[in-house]
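These notes concern the structure reproduced below.
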DNA sequence: CTGAAAGCGCTTACAG
DNA sequence: CTGAAAGCGCTTACAG
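Protein chains in written order, with this note's numbering: chain D, 2 to 346; chain F, 2 to 346.
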């Protein structure tokens, strides 16, 4: 564990001042081209890497952004969403040599406290807000703090933070029209947590479209995204009289669970029941039949969110119009597979 | 964005020196009980939170540990393993007020470079090494660096780093004995990446046990853990003559894929084919039939790994015997479910 | 028990 | 273009 090399060492070796070394290293004016070249060569040779803490203290920037997740190990693990999002975020951060710090919290209050502490400590320069709820108190809290943040989800209005979201309504309409075209009239939906914003958006979109198409019924049951509750809801739907001929699931895990329940009840998919899933992980292609599902590029979404956060941090203002960005995800498309067909005659 | 309050502000308000404030805040001797109480009260009232960078620079510790993952967005997302591990790690870190910094890399060289930089920058105080391979070059590299690290996996020998691993051999034996008792003689295995250490351990354990039990055959196909390759391998196994009556999968995603292939080929599970999965996520309970699988508590594993890393960082030496810890995971147990039964007569 | 000072390793005005 | 110095916000010997 040899002592680290500092700019003082380089300055001594090059016979210049520490200031000159700093200017050379950071590509600033203030040193001649020849001195700069010499300093850079020496720095490289000595394997110099600047100390983060010292740099942060001087420029009062952490070169790090944070993400706090209010999730349990189980719900984190089961959903590919977060890892894909983080993977996209990372791609942008690495390019800008920012670090990512991750914290898992148990309650909203803990989460708010994390933001307060992070910002007070200057441990992060900005954060991502995920799992946006209806009337989410975190948005105002973080804005009041003055902590740069990007809202990963929406639509949100009258917020002092840039937000990025997918259009949730159009896919709902697409799915319903697709099932309607196949001939389905009694459609059910196993939906996600009602407190989440995008669940509400989908609720509304389905209701409107169903009315417009004149569908017989669109029963909705809200659960928590887990396979257990998805299975339970499916069992309930399929054992009532006038059962649906098609069920839409708000994520893929519940759809897989629903398919198993149909098998268990001896219902043939897709002959007697059609199934559509949101969030097309490879899970949907592993079942038999493969599940018709809606694909979105979550990694690309993460890249966009990170781009906006870095812009916000570096310029003090988000990228143009970032305050209300809708990610028109070119990839939000329906992939019909073996789990959908016309309803039984 | 009001100016942050620093110890200088508190010192001024309390009418003492900055040194006294520091002593009081850190619970060190050097201030009277009354002064300490007064300082603490003022600090709390002013909402003081110490600046991380300043503290790090003084004590030359980052209060952060790092984890670099060489995985793609897809393989990260599909496997609950990492999120569960991270969730456990977080629990320990939060308790010790350490942060976690996460980086996703593309190649081993990139990963090594990340460790070098992190340590030179003093951005982390230690790291976790995951996805341990056979003759993994990272172990020596990190040890040479002097960077405190915990090897998450094993067994590894002659390494200068503490390692923590589950016993992989015993469960292999248990599974094989279970299938043998049911009457199976032709068993196949769809295994994980051969370059990974634990895959090799399992290879050996199955071979030994199969020989000891006098099993007819244990065919193994190594793939990459994805459902696609798991399905492909299964198709290959089931369409050859003398096909196996039971298949063991090294993770749950491949097992689910394998089940779908059996359905597709019109094979009844478990009547004509038994299936056993490793890594019991809720996936295994969502299929029909539910999959017999091996459960381990990954979150607890993460907690243990983090405990050891923090001990290593704070004392310079790992916890007693940490150099070769085997986590005798009480939870590594086989859960027989609907996917296993005696072979067809 | 307390205060004044030096130091951690950078950056950045400010003079020459 | 270059050097000497102050400052970021802490911690920690070192004198009183």
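All residues carry an ideal CB built from backbone N, CA and C; glycine is no exception.
Asked: Where are the alpha helix (DSSP H) runs, 4 residues long or more, that stay fully inside the stretch 265 to 328 of chain F, in chain order?; Found: 284 to 287 and 299 to 316
Asked: According to a CB-to-CB cut-off of less than 9 angstroms, which residues of the stretch 46 to 60 of chain F neighbour chain D?; Found: 48, 49, 50, 51, 52, 53, 54, 55, 56, 57, 58 and 59
Asked: Quick check: what's the CA-CA separation for residue 151 of chain F versus residue 303 of chain D?; Found: 30 angstroms
Asked: Counting only beta-carbon separations shorter than 8 angstroms, does residue 14 of chain D have a partner in chain F?; Found: no
Asked: Compute the beta-carbon to beta-carbon distance between residue 65 of chain D and residue 307 of chain D, rounded to the nearest angstrom, for a pair I have assumed lies under 8 angstroms.; Found: That pair is no contact at about 12 angstroms.
Asked: In the stretch 24 to 93 of chain D, which residue ranges form an unbroken beta strand (DSSP E) of at least 3 residues, counting only runs that do not cross its ends?; Found: 65 to 70
Asked: List, in order along the chain, the chain F residues whose C-beta lies closer than 9 angstroms to that of residue 121 of chain D?; Found: 5, 6, 48, 49, 50, 51 and 52
Asked: Let me confirm a value: residue 104 of chain F is counted as buried when at least 16 other C-beta atoms fall within 10 Å, else exposed. Which label applies?; Found: buried
Asked: So with CB distances below 8 angstroms, who are the chain F contacts of residue 264 of chain D?; Found: 289
Asked: How many angstroms separate the CA atom of residue 136 of chain F from the CA atom of residue 50 of chain D?; Found: 29 angstroms
Asked: Residue range of the beta strand (DSSP E) that residue 100 of chain F falls in?; Found: 100 to 105
Asked: In the DSSP output, which residue or residues are listed as bridge partners for residue 134 of chain D?; Found: D:197
Asked: Rounded to the nearest angstrom, what separates residue 116 of chain F and residue 48 of chain D at their Cα positions?; Found: 14 angstroms
Asked: Alpha carbon to alpha carbon, how far is residue 174 of chain F from residue 206 of chain F?; Found: 7 angstroms
Asked: What does the alpha-carbon distance come out to for the pair residue 250 of chain F and residue 187 of chain D?; Found: 39 angstroms
Asked: Can you tell which of F:33, F:240, F:41 and F:148 has the C-alpha that lies nearest to the C-alpha of residue 189 of chain F?; Found: F:240
Asked: Nearest CA to the CA of residue 200 of chain D: which residue from D:346, D:182, D:154 and D:216?; Found: D:154
Asked: Can you round the beta-carbon distance between residue 43 of chain D and residue 131 of chain D to whole angstroms, since I take them to be within the 8 angstroms contact cut?; Found: Contact doesn't hold; Cβ gap of about 45 angstroms is too wide.
Asked: Examine chain D for any beta-carbon lying closer than 8 angstroms to the beta-carbon of residue 152 of chain F, and answer yes or no.; Found: no
Asked: Using a Cβ-Cβ cut-off of 8 angstroms, state whether residue 316 of chain F counts as contacting chain D.; Found: no
Asked: Just the Cα atoms here: how many angstroms apart are residue 139 of chain F and residue 180 of chain F?; Found: 38 angstroms
Asked: Have a look at the DSSP bridge pairing and note the partners of residue 6 of chain F.; Found: In DSSP, residue 6 of chain F forms no bridge with anything.
Asked: Between D:272, D:281 and D:284, which has its C-alpha nearest residue 346 of chain D's C-alpha?; Found: D:272
Asked: Run down chain F in chain order and give the residues with a C-beta less than 8 angstroms from the C-beta of residue 283 of chain D.; Found: 75, 79, 227, 228, 229 and 254
Asked: Going along chain F, which residues have a C-beta under 8 angstroms from residue 100 of chain D?; Found: 102, 104 and 124
Asked: Rounded to whole angstroms, what's the CA-CA distance from residue 242 of chain D to residue 313 of chain D? Just pull it up for me.; Found: 54 angstroms
Asked: Leaving aside the five residues before and after residue 157 of chain F along the sequence, list all residues of the same chain whose C-beta is less than 6 angstroms from its C-beta, in chain order.; Found: 164
Asked: Using a Cβ-Cβ cutoff of less than 6 angstroms, which residues in the same chain neighbour residue 293 of chain F once the five nearest sequence positions on both sides are dropped?; Found: 277, 337, 338, 340 and 341
Asked: For the stretch 291 to 312 of chain D, list every residue whose C-beta sits within 9 angstroms of some C-beta in chain F, in sequence order.; Found: 291, 299, 300 and 303
Asked: Who are the Cβ neighbours of residue 11 of chain D in its own chain at under 7 angstroms, not counting the five residues just before and after it?; Found: 22, 40, 43, 44, 47 and 49
Asked: Return the chain-ordered list of same chain residues with a C-beta closer than 7 angstroms to the C-beta of residue 311 of chain F, the five sequence neighbours on each side being excluded.; Found: 93, 97 and 99
Asked: Once the 5 residues before and after residue 253 of chain D are set aside, which same chain residues still bring their CB inside 6 angstroms of it?; Found: 278, 280, 282, 284 and 285
Asked: Once you ignore the five residues that flank residue 7 of chain F on each side, which residues in its own chain have a CB closer than 6 angstroms to its CB?; Found: none
Asked: For the beta strand (DSSP E) containing residue 152 of chain F, name the first residue and the last one.; Found: 150 to 153
Asked: Residues of chain F with CB under 7 angstroms from residue 258 of chain D, in chain order?; Found: 287
Asked: Would you say residue 261 of chain F reaches chain D, if we count a Cβ-Cβ gap shorter than 8 angstroms as a contact?; Found: yes
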